[in-house]
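Contents: one structure, followed by commentary.
Residue numbers (the working numbering): 1 to 252.
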């Protein structure tokens with residue numbers, strides 16, 4: 001990612017920020033340089049669940065003063081840039097990605113489930129895989145899987161509870177509702193990872209975010225990294241000339 005393309009110095013910081021504050025999260029930067037009419041945490045070009053993951057990474061990378069260090073700013077911006085072009089994918093991609101969010105052996109939430117809950121999560125992941133392959137399971141199958149998972153919640157620890165919740169909440173994400181609440185399911189998964197990681201929360205959330213973005217891009221057939229030259233304001237006819245890069249951008 002070429003940081004010289006960003007025309008207004010700012011510092012990456014935790015949370016959401018008002019225009020003109022001189023602060024922003026990594027997704028605000030993407031929103032600006034890709035030309036959104038309104039700067040937002042959820043750029044038009046990026047899949048919403050991936051934006052949420054990057055926001056989570058951005059926030060856990062912030063220091064005690066609420067700002068990201070230069071090194072962590074580059075890390076957050078790299079993750080954010082990899083989300084460019086991930087919006088507007090078929091529902092099949094989202095279902096396949098949800099299956100990975102739940103059951104992937106490297107970054108799925110299945111690892112936090114007790115033995116008694118493993119089958120419930122795997123069953124729901126398989127429903128998503130079936131939907132991704134074009135064989136949408138009947139509503140009764142989704143409902144049964146949801147009930148089975150919900151019945152387990154009183155017996156789970158905190159991380160396991162959020163892992164199972166991510167699973168059973170995902171059963172409602174079908175048809176037209178799919179992308180309306182998929183970020184909510186993602187948020188439950190992030191919470192599971194955060195609770196399980198404890199003192200290594202920042203590194204775990206960043207690791208999961210990277211895997212999640214890579215998985216989405218692979219499932220959607222998006223090869224390679226997004227090209228800055230085709231998306232930034234610096235290459236738009238009505239844009240201003242790019243100003244020199246400020247060290248403030250990197251959180252210094």
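Note that CB positions come from ideal geometry on N, CA and C, so glycine has one too.
Chain-order list of residues whose beta-carbon lies under 6 Å from that of residue 162 (same chain, five-residue window excluded): Locating residue 162 in the chain shown gives position 162, where the first residue counts as 1. 188, 191 and 192.
Where the alpha helix (DSSP H) through residue 210 begins and ends: Against the chain shown, residue 210 aligns to sequence position 210. 201–220 is the span of the alpha helix (DSSP H), which, as asked, contains residue 210.
9 Å Cβ cutoff met for residue 80 and residue 125: As a working note, residue 80 is residue 80 in the chain shown. As a working note, residue 125 is residue 125 in the chain shown. Going by C-beta atoms, residue 80 is not nearer than 9 Å to residue 125.
Buried/exposed call for residue 55, threshold 16 Cβ in 10 Å: Walking along the chain shown from the start, residue 55 turns up at place 55. Burial call: buried.
Straight-line gap, residue 169 to residue 138 (C-alpha atoms, nearest Å): Residue numbering aside, residue 169 sits at position 169 when the chain shown is read from its first letter. Residue numbering aside, residue 138 sits at position 138 when the chain shown is read from its first letter. About 17 Å.
Pairwise C-alpha distance: residue 160 and residue 72: In the chain shown, residue 72 corresponds to position 72, counting from 1. In the chain shown, residue 160 corresponds to position 160, counting from 1. C-alpha separation (whole angstroms): 29 Å.
Alpha carbon of residue 76 to alpha carbon of residue 24, nearest angstrom: For the purposes of this step, residue 76 is identified with residue 76 of the chain shown, where counting begins at 1. For the purposes of this step, residue 24 is identified with residue 24 of the chain shown, where counting begins at 1. Roughly 12 Å separates the two Cα atoms.
Host alpha helix (DSSP H) of residue 59 (start-end): Position 59 of the chain shown, counted from the first residue, corresponds to residue 59. From DSSP, the alpha helix (DSSP H) with residue 59 extends over 48–60.
Proximity below 9 Å, CB of residue 68 to CB of residue 120: Counting from one through the chain shown, the residue named residue 68 turns up at place 68. Counting from one through the chain shown, the residue named residue 120 turns up at place 120. No, Cβ-Cβ distance for residue 68 and residue 120 is not below 9 Å.
Candidates 149, 156 and 40: closest to residue 172 by CA position: Here residue 172 corresponds to residue number 172 of the chain shown, with the count starting at 1. Residue 149 is the option with its Cα nearest to residue 172.
Separation of residue 201 from residue 140, as counted between CA atoms: Reading the chain shown from its first residue, position 140 is the one you call residue 140. Reading the chain shown from its first residue, position 201 is the one you call residue 201. Approximately 37 Å, taken between the alpha carbons.
C-alpha gap between residue 93 and residue 146, whole angstroms: The residue given as residue 93 occupies position 93 in the chain shown. The residue given as residue 146 occupies position 146 in the chain shown. Roughly 21 Å between the two C-alpha positions.
Rounded distance between the beta-carbons of residue 83 and residue 47, thought under 8 Å: By 1-based counting over the chain shown, the position of residue 47 is 47. By 1-based counting over the chain shown, the position of residue 83 is 83. Confirmed, Cβ separation roughly 7 Å.
Cα-Cα separation between residue 182 and residue 49, rounded to whole angstroms: If you number the chain shown from 1, residue 182 lands on position 182. If you number the chain shown from 1, residue 49 lands on position 49. About 6 Å.
Sub-9 Å separation of residue 220 and residue 89 beta-carbons: Counted from its first residue, the chain shown places residue 220 at position 220. Counted from its first residue, the chain shown places residue 89 at position 89. Yes, the pair counts as a contact, with Cβ atoms nearer than the cut-off.
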